[in-house]
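Colleague:
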Amino acid sequence: MKIKRIEFIQAELALVKPFQTSFTRQLKREMLLLKVESDLGIGWGECVAMSAPLYSSEYIKGSLDVIENFFIPKLKGLDFDPEELPTILLPFLGHPMAKAALESALLDGKLKADSISFGEYFGATRGSVPCGVSVGITPTIEELIDEVSQYVEAGYKRIKLKIQPGWDLLPVETIRNIYPEIPLQVDANQAYKRSDINHLKKLDEYNLLLNEQPLSEDDLLGHVALASASKTPICLDESITSLQGAIDALEMKATSIINIKPGRVGGYIEAKKIHDYCFNNNIPVWCGGMLESGIGRAANVALAALEGFTLPGDTSASSRYYHRDITDPFIMKDGELQVPQGPGIGVNIDEDYLDSITRSKSEILL
Ligand code: SMG
Ligand code: MG
12 MKIKRIEFIQ AELALVKPFQ TSFTRQLKRE MLLLKVESDL GIGWGECVAM SAPLYSSEYI
72 KGSLDVIENF FIPKLKGLDF DPEELPTILL PFLGHPMAKA ALESALLDGK LKADSISFGE
132 YFGATRGSVP CGVSVGITPT IEELIDEVSQ YVEAGYKRIK LKIQPGWDLL PVETIRNIYP
192 EIPLQVDANQ AYKRSDINHL KKLDEYNLLL NEQPLSEDDL LGHVALASAS KTPICLDESI
252 TSLQGAIDAL EMKATSIINI KPGRVGGYIE AKKIHDYCFN NNIPVWCGGM LESGIGRAAN
312 VALAALEGFT LPGDTSASSR YYHRDITDPF IMKDGELQVP QGPGIGVNID EDYLDSITRS
372 KSEILL
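Residue numbers (the numbering used here): 12 to 377.
#1: Which one or two residues does DSSP pair with MET42 in a beta bridge?
#2: Jot down the residue ranges of each uninterrupted beta strand (DSSP E) in the segment 97-178, minimum 3 residues, whole runs only, in chain order.
#3: Drop a sphere of 10 angstroms on the beta-carbon of LYS242, count the other beta-carbons inside from all chains shown, and report buried for 16 or more, exposed for fewer.
#4: Ends of the alpha helix (DSSP H) at VAL235?
#5: Would you decide whether PRO273 is buried or exposed? Buried here means 16 or more other CB atoms lie within 10 Å of its CB.
#6: How big is the Cα-Cα spacing for ASP198 and PHE320?
#7: For GLY73 and MET61, I'd like the C-alpha separation in whole angstroms.
#8: What separation, rounded to the nearest whole angstrom, lies between the Cα atoms of SER253 and TYR364?
#9: Measuring from the CB of ASP198, is there a heavy atom of ligand 2 at a distance below 8 Å?
#10: What are the partner residues of ARG275, as DSSP defines its beta bridges?
#11: For a test of the three-state rule: what should DSSP assign to GLY10, helix, strand or coil?
#12: May I ask you to report which of helix, strand or coil DSSP gives LYS87?
#13: Assign THR136 to buried or exposed, taking buried as 16 or more other Cβ atoms, counted over all protein chains shown, within 10 Å of its Cβ.
#14: Starting from SER74, trace the alpha helix (DSSP H) both ways and give me its first and last residue.
#15: For the putative contact between MET12 and SER49, defined by C-beta atoms under 8 Å, what is the C-beta separation to the nearest angstrom?
#16: Output the distance between the C-alpha atoms of ASN58 and ILE208, rounded to the nearest integer angstrom.
#17: Would you say the beta carbon of THR35 is closer than 8 Å to some non-hydrogen atom of ligand 1?
#18: Report whether the distance from the Cβ of GLU249 to the nearest heavy atom of ligand 1 is below 8 Å.
#19: Using 9 Å as the threshold, is the C-beta distance between ASP119 and ALA310 below it?
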């Protein structure tokens with residue numbers, strides 16, 4: 012394929028309720044979308060970077076800059092297949108979310124031209140995927156109970172509680188007492204230190220599925236120490252940025268479960284490689300989320316339909332995030348989302364609505 016034009020759309024979607032984690036409190040999702048026109052047609056991609064470098068070092072303006080000033084000049088005049096993109100962009104270090112956004116837009120364009128869905132392309136084995144939900148830190152325990160109970164009643168099959176020092180044992184114990192059987196897990200987004208290992212071990216009381224990224228992303232040995240001291244499995248998120256990193260972390264026993272987020276590992280192609288490795292080695296994986304709009308969600312749901320995704324992902328219904336999405340909404344039925352069947356990402360984009368929430372736009376002609 013040859014790229015002819017790229018449109019960069021920066022838009023904002025208000026969240027239905029604030030989402031608080033150990034590193035930020037978000038009231039809206041600010042996002043960068045790519046609309047790529049090639050000789051094969053149009054493809055859409057969503058960059059999952061946030062507006063500030065708080066989850067990882069990437070942020071929207073940096074992603075936009077690296078795509079415009081480094082990735083696009085490299086691709087100018089080139090006739091290539093989207094599957095070659097990771098190799099073409101290999102000289103540029105880092106910026107996995109920017110790479111993933113471009114890769115998914117190119118894949119969408121190509122797969123649409125070939126009338127193949129993302130699910131078929133990845134080798135999905137399911138028509139629908141079970142939904143988990145990620146629950147933010149709330150001002151009070153009462154509000155947490157209220158929020159979790161709404162999700163449980165709606166049919167979510169797994170609850171993830173965001174935790175941080177000072178908001179851990181009590182919220183977990185409270186929810187576990189109310190729902191003795193529900194699959195429950197926690198995510199600290201790196202908020203703890205090695206010196207907290209004895210404290211984190213107390214989570215073993217609550218029969219958790221996993222403890223996600225408790226320590227700093229570069230503290231693999233800290234995770235090894237915590238994993239060997241506790242019964243609750245460790246699941247790395249931020250630490251895993253490539254297949255090799257996943258293999259290393261698994262071999263050194265820093266983690267026994269992997270949260271696969273395509274944006275964090277440089278794209279869906281690398282994400283599928285991590286899935287394949289884990290599937291062949293009996294390592295459970297699940298699909299993470301970055302509060303995506305329907306564009307990113309569509310591709311994530313297709314990925315989560317692969318055989319090795321044995322745990323429910325942070326692939327929630329559109330209504331968990333937004334009153335109105337920019338695509339056909341993902342509606343949960345019996346705790347599951349349908350994998351889109353149409354070509355490419357398989358969802359329609361409401362460009363008029365997108366225009367109404369767009370804050371800035373730019374384009375490059377190649
Ligand atoms: O998309 O449902 C979602 C959010 C899931 O908790 C979630 N994501 O560390 O796993 C994580 C966080 C990162 C994004 S927080 C803004
Ligand atoms: Mg996480």
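Glycine residues also receive a C-beta, built at the ideal position from the N, C-alpha and C atoms. On a predicted model such as this, the values are computed, not experimentally measured, just so you know.
Modeller: Quick look at the numbers:
#1: Residue numbering aside, residue 42 sits at position 31 when the sequence shown is read from its first letter. Bridge partners of MET42: ALA22.
#2: 139-141, 143-146 and 169-173
#3: If you number the sequence shown from 1, residue 242 lands on position 231. That one is exposed.
#4: On the sequence shown, residue 235 is found 224 positions in, with the first residue counted as 1. Element bounds for VAL235: 231-240.
#5: Position 262 of the sequence shown, counted from the start, is the residue given in the question as residue 273. Result: buried.
#6: One-based indexing of the sequence shown puts residue 198 at position 187. One-based indexing of the sequence shown puts residue 320 at position 309. Taking the straight line joining both Cα atoms gives about 18 Å.
#7: Mapped onto the sequence shown, residue 73 falls at position 62. Mapped onto the sequence shown, residue 61 falls at position 50. Whole-angstrom Cα-Cα distance: 10 Å.
#8: Sequence index remark: in the sequence shown, residue 253 carries index 242 (1-based). Sequence index remark: in the sequence shown, residue 364 carries index 353 (1-based). So the alpha carbons of these two residues sit roughly 35 Å apart.
#9: As a working mapping, residue 198 is identified with position 187 in the sequence shown. For ligand 2, at least one heavy atom lies less than 8 Å from the Cβ of ASP198.
#10: To locate residue 275, count along the sequence shown from 1; it is residue 264. In the DSSP output, where bridge partners are listed per residue, ARG275 has none listed.
#11: Because the chain spans 12 through 377 in this model, residue 10 falls outside it and cannot be assessed.
#12: The residue you call residue 87 lines up with position 76 of the sequence shown. Coil, per DSSP.
#13: For the purposes of this step, residue 136 is taken as the residue at position 125 of the sequence shown. Answer is exposed; the Cβ neighbour count stays below 16.
#14: In the sequence shown, residue 74 corresponds to position 63, counting from 1. From DSSP, the alpha helix (DSSP H) with SER74 extends over 71-77.
#15: Counting from 1 along the sequence shown, the entry for residue 12 is found at position 1. Counting from 1 along the sequence shown, the entry for residue 49 is found at position 38. MET12 to SER49, Cβ: 5 Å. Contact.
#16: Here residue 58 refers to the residue found at position 47 of the sequence shown. Here residue 208 refers to the residue found at position 197 of the sequence shown. The sequence shown places Cys at residue 58, not Asn. When rounded, the distance between both Cα atoms is 34 Å.
#17: The sequence position of residue 35 within the sequence shown is 24, counting from 1. Yes, since a heavy atom of ligand 1 falls inside the 8 Å radius drawn around the Cβ of THR35.
#18: Your numbering for residue 249 matches position 238 in the sequence shown. The answer is yes for GLU249.
#19: By 1-based counting over the sequence shown, the position of residue 119 is 108. By 1-based counting over the sequence shown, the position of residue 310 is 299. Yes, the pair counts as a contact, with Cβ atoms nearer than the cut-off.
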